[in-house]
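Novice: Can you read through this structure? Questions will come right after.
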Amino acid sequence: MKIKRLVILAGVLASFGASAQMPVPLLDGADTGGKSAAQAQVGKQLEALLQCKAGTTFTAKAVGVEFQALGLVKGPDGFLLPLRKGPQPSLFGDQVLAALVSDADGEKKVVVYLKKQTGKQLAKKLGVTKIDEQADTDEPSYFKQTSQKTTLLVGSASEVFLGNSSIKYQSAVTCQLIK
């Protein structure tokens with residue numbers, strides 16, 4: 238009986254020793270991924286805002302702060318641009334090339350310009366099906382009136398001009414709120 242107890246005790250002690258050497262994911266993540274976890278949370282908030290659902294409200298200042306937390310900095314003509322060095326910010330699974338937040342002429346807008354996804358791919362992902370006949374783009378652009386005061390726009394490839402330079406993008410997502 239003593240031998241059986243000793244074997245059980247040895248097994249229990251061995252399992253404690255093995256578990257003490259196993260890494261704890263939460264502690265490891267806090268050491269290396271704290272900033273990226275915060276950026277992921279901000280990214281989710283911005284994606285939810287850009288889906289422009291009925292009842293969406295925002296202030297230009299608050300959204301600008303969120304874009305800065307995502308890794309964008311103020312650039313020419315009011316655009317927010319990614320830093321040249323370091324991890325590139327992303328939304329909707331695509332690299333953010335630029336963003337613009339405006340509050341003028343009775344409307345508020347949040348626009349994000351993306352690198353790889355086409356307007357058609359992004360519109361499908363966001364459930365936007367109506368083609369915007371007024372858009373001046375080579376490929377179709379899409380819109381969805383989500384309420385009387387909110388409209389979701391998905392634009393196709395084009396170019397945005399910033400001072401003396403320009404940025405070519407594949408798609409743009411806009412949440413437009415009429416005051």
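Per this note's numbering: the sequence shown = residues 238 to 416. Glycine included, C-beta positions come from ideal geometry on N, C-alpha and C. Keep in mind it's a predicted model, so treat the numbers as computed, not measured.
(1) Nearest to Q354 by CA position, among T293, K362, V348, is which residue?
(2) Distance check for T388 and Q382, CA to CA, integer angstroms please.
(3) Do L399 and D340 count as a contact pair if the criterion is CB distance below 7 Å?
(4) Tell me which residues share the same chain as L320 and place their Cβ nearer than 7 Å to its Cβ, disregarding the 5 neighbours each side in the sequence.
(5) Can you say whether A409 is buried or exposed, counting buried as having 16 or more other CB atoms within 10 angstroms of its CB?
(6) Quick check on the burial criterion: 16 or more other C-beta atoms within 10 angstroms. Buried or exposed for Q413?
(7) Measuring CB to CB, does K346 end up less than 7 Å from T296?
(8) Below 8 Å on the Cβ atoms is my contact criterion, and I expect G356 with G392 to pass it. Report the Cβ-Cβ distance as a whole number of Å.
(9) Expressed to the nearest angstrom, what Euclidean distance is found between the alpha-carbon atoms of A285 and S378?
(10) If you reduce the DSSP assignment to three classes, tell me which class S378 lands in.
(11) Count the other CB atoms within 10 Å of the CB of S273; is the residue buried (16 or more) or exposed (fewer)?
(12) Helix, strand or coil: how does DSSP classify Q407 here?
Specialist: So, from the data block:
(1) K362
(2) 4 Å
(3) no
(4) G308, V310
(5) buried
(6) buried
(7) no
(8) 6 Å
(9) 20 Å
(10) coil
(11) exposed
(12) strand
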